Amino acid sequence: MVYKQLMIHFAFFLLLLLLLFEPTFQQQGSLRSLPAERVALLELRSSLGLRSKEWPKKSDPCLGWKGIKCQNGRVTEINIAGFRRTRIGKKNPQFAVEALANLTFLQSFNASNFLLPGVIPEWFAQRLGFLRVLDLRSCSVLGSIPLSLGSLDNLTDLYLSDNKLTGTIPSTLGQLLSLSLLDLSHNTLTGLIPSSLASLGHLSLLDLSSNYLAGPIPSGIGSLLKLQYLNLSRNSLSSSIPTEFGGLVNLVDLDLSVNALSGSLPSDLRELTSLRSMVLGSNSLVGSLTHNLFHTLTQLQSLDLKDNNFTGSIPDVLWSMPGLQLLDVSGNNFTGTLPNSSSSSNVTGAVLNLSKNMLYGSLTPILRRFSAIDLSENYFEGKVPEYLPTNISFTSNCLQNVSRQRMLDVCTLFYSARGLTFDNFGFPNATQPPLAEAPKKKSNRNAIILGSVIGGSALIFLLVLLIFIFLRRQRRNTTNQRGGGVVGPVLSGDAPEPPPGLVMDFASLGETFKYQQLLQATNDFSDANLIKHGHSGDLFYGVLQNGIHVVIKRVDLRIIKNDAYLVELEFFSKVSNVRLLPLIGHCLENEDEKFLVYKYVPNGDLSASLFKKVKTDDDGLQSLDWITRLKIALGAAEGLSFLHHDCTPPLVHRDVQASSILLDDKFEVRLGSLSNVCGQEGDGQPSRITKLLKLAQSSEQGSLGLHTAVCTYDVYCFGKVLLELVTGKLGISASPEAEIKEWLDQTLSCISINNKELVTKILDPSLIVDEDLLEEVWAVAVVAKSCLNPKPSRRPLMKYILKALENPLKVVREENSGSGRFRSTSIGSSWNAALFGSWRQSVSDLTMLPSASLSKTGGSSFKRSGTMGSQGSGQNGGGEHSSSRRQHSKEIFPEPSDMQDTERLEND
């Protein structure tokens, strides 16, 4: 009897446990009772080429498959974001998801960063009626957006960014009344923004940036009261900002940059009390900024108004915003003085750009709060205070104790036109701006005369010897001319007259435009379309009749007295590479003006894109992530390696800096500023005259003389670009050597092949890196230091730099160990002797150099996805880098194969 009662109690206890845990079992469920959905998942695994590691065939999908969630025994969520395909699946990736049609209870499908080349099926809306989240970011999706997506009544999140979508935005998307997030950015969508989007009352994020949308901004968007993030940048939107935008009281982030907007800012924008980031840059906005516009924006973190036509003074309230981390008002017509205040703000690391305005007066303590400052091309006067940061640009002002300032008459005229008195550079009788302060020693007259005689005689001797060597080399080149390979032009870059018999293949130079076409494309070359004043011509933004966005360089031969445009055309007629900015066409019909037409790159140049806003959970301001920076460095190295090693004779860029590294919508590099390209002096060998007189063949002077016509000059400049990517210091690659010498010495002292932790002292504070990424940063810093060797002959060849950047971890990690430890080796005639020549000055560094013979296999540093690094990446949107050089190379770092490289190492 007692036994029977115990059994009854035990059965009751089991029943109670079952009732208690039934919701848990029911929520997870199992597909063993629904074989149809299990079969559908297995078909999906097969069609997409998913690995059994994530979706093991013998396990229950609801219990053992990664990224699968079930409810009541039905599949509700599928997340394959960042998955890797099998070897067979990689060979033929497709948008093969037909099996999803049998998962009728599916609520979320996330395939971001997973390669799905193909079109979105029309049946999505018909068979997946419960779908709430569709995430296809960075999947290489093609075609247009299906109209049927407007039938997904339950959809709340739609992510289609970073793809290859074409056509217009369907007006049917306005039927998605539950939609909260809509991201169609970084595609090639055209047409108008549908006014039907104004019906999306629950929308909190709308991102249509980096497309080819045109026309006005629909005023109805101003009625989306829940909207917090609005990004319409990098399109061709016109007209003015709708006054209804003042009703977006919950807006946190507004970006309308790089469009064709006009008019003044609506006064109602002052009601946007939640706004934290406002970008109106590169438009055609005209007018002044009022104090009321920013008075209530106490949460503002980023303000970008660059390249507009704003006038008046900079509102004082902008200087006192406690959370401001970026203030960029460059390229406007602001005038007035800086506030005479020290500002009690606790902000650190803020960036300030006041360049290309008409600001004047003395520099005040308000600048203390900023860590990176650009004051160039204004009219500031007085002395530069000692308390200012080292990362600052003063060029083209009226300051006393720095070099490269405006002429005296320019500064005097500017101040007198405003009824002010110019301080005359601190010298009452001065007639020219002073050079950088330096004590001058009095010279003996006789010594001057003797030196002049000796110098003149030496100059005559040098000229005769130079002519003799030149004629002898020309005769040798004619006799021993080699065939094969990529043959480039022997460009002179500084030739005052074009060669009389210049033969140019104009058929390879794209379309021949009429002057009237270019006038129409640029609104008669209006100031609103002016991008910048280049040293070889003014650059204008334009849109051709067929809708193609272009950049047009106008060369005024009345101002620019050389024929650099002919040298550039000759270059494009003979040289072609994916890493060079494409030339679309030209217009040479005018006698005094010539025009070159290039492809427009949406992300501008590296100097403008290094710091960008990235939407994060804390809505903070971030810079380009490390994976994107490394991708940019690799792309630039590929372009320079092509010029140095694939052209005969080798070509020298001569203007390698951040502003010359242009970025398309996928952050792929296109090298610009090609008007100074020339053939290398002496085919890469140091000048015999230089060796004879033992002159320092330094390429760091920054001018475009003969001493820059060597590949080692490009290598040195590229090293400064790498440091700019590592440290985040704006303007380093564009600054003359004298201005950054102290900073450069301090920075290079923190780069050691022995100590990884030292590099954290110079690391850009905005970068978030884990241990592996820190190793990559460290390796790139090591490569940068080798490029910056004071002795040009000790700098590595660009092809070795390219190899190192393709596998940066190989630079600092041991060959046969995953531990990342170092090993001691001696330097032989291997690639690392070329790459690490600059380390010979330190015995401790030399003993830790990596071996020349490296493993044939090894993890690629690009087999990860990042915030922006997935753009333009290879398989699965960030898994593998697109460069075939790494995939097919059996030796990542080979021994030098040609006699020229060996001789160069022996001469060192």
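The sequence shown lines up with residues -26 to -1, 1 to 882 when you count with mature numbering (1 follows the signal peptide of the UniProt record, and there is no 0).
We put the beta carbon where it would ideally sit given N, CA and C, even for glycine.
Note that the structure is predicted; figures quoted are calculated from it, not measured.
Residue environment for W600: buried (at least 16 other C-beta atoms within 10 angstroms of its C-beta).
For the region 31 to 109, the full-length beta strand (DSSP E) segments reaching 3 residues or more read 42 to 45, 48 to 53, 82 to 84, 107 to 109 along the chain. Per DSSP, C385 is not a residue of any beta strand (DSSP E); the alpha helix (DSSP H) it occupies stretches across 382 to 391. Counting along the chain, E745 sits inside the alpha helix (DSSP H) bounded by residues 745 to 761.
When only Cα atoms are considered, L163 and T311 end up about 44 Å apart. Of the candidates I441, I706, T142, L617, the residue whose Cα lies closest to the Cα of V549 is L617. Its chain contains C561, E563, N564 as the residues whose beta carbon lies nearer than 7 Å to that of Y489, once the 5 sequence neighbours on both sides are disregarded; these appear in chain order. Taken through DSSP and simplified to helix, strand or coil, N209 comes out as coil. Here W293 is buried, its C-beta having at least 16 other C-beta atoms within 10 Å. For L531, the CB contacts under 6 Å within the same chain, skipping 5 residues up- and downstream, are D566 in chain order. D383 and S760 have their C-alpha atoms spaced approximately 44 Å apart. P30 and I42 have their C-alpha atoms spaced approximately 12 Å apart.
Separation of F98 and G63 (C-alpha to C-alpha, rounded to the nearest whole angstrom) is 23 Å. Cβ contact annotation for K703 (same chain, cutoff 6 Å, sequence separation greater than five): N365, in chain order. According to the DSSP secondary-structure assignment, V525 is paired through a beta bridge with Y515, Y572. With 16 or more other CB atoms across the displayed protein chains lying within 10 angstroms of its CB, T496 is buried. Residue nearest to I736 within the set S723, I534, D746 is S723 (criterion: CA-CA distance). Scanning T142, L105, C113, V524 for the CA closest to the CA of L126 turns up L105. With fewer than 16 other Cβ atoms inside 10 Å of its own Cβ, I533 counts as exposed. The beta carbon of Q149 sits closer than 7 Å to the beta carbons of G124 from its chain, once the five residues preceding and following it are set aside; these are given in chain order.
Here the alpha carbons of N84 and A172 stand approximately 26 Å from one another.
Going by DSSP, D688 is part of the alpha helix (DSSP H) stretching over 685 to 701.
Going by DSSP, E713 is part of the alpha helix (DSSP H) stretching over 711 to 722. Closest in alpha carbon position to L179, among I288, Y203, S276, L349, is Y203. Closest in C-alpha terms to S597, from the list L776, S159, L699, comes L699.
Straight-line spacing of the CA atoms in L779 and R61 works out to 26 Å.
Contact between the region 762 to 773 and the region 744 to 752 is absent: fewer than three C-beta pairs spanning the two stretches fall below 8 Å. Shortest Cα-Cα distance from G221 to any of N520, S193, L504, L155 involves S193. In this structure, the beta-carbon distance from K40 to E51 does not fall below 8 Å.
In the DSSP assignment, S597 forms a beta bridge with F585. Q374 is classed as buried because its beta carbon has at least 16 other beta carbons within 10 Å across all chains shown. Residue burial annotation: M381 is exposed, with fewer than 16 other C-beta atoms found within 10 angstroms of its C-beta. Straight-line spacing of the CA atoms in T682 and H627 works out to 9 Å. In the DSSP secondary-structure assignment, F344 is bridged to A324. Look at L147 here: in three-state DSSP terms it is helix. CA-to-CA, the gap between D281 and Q654 works out to about 37 Å.
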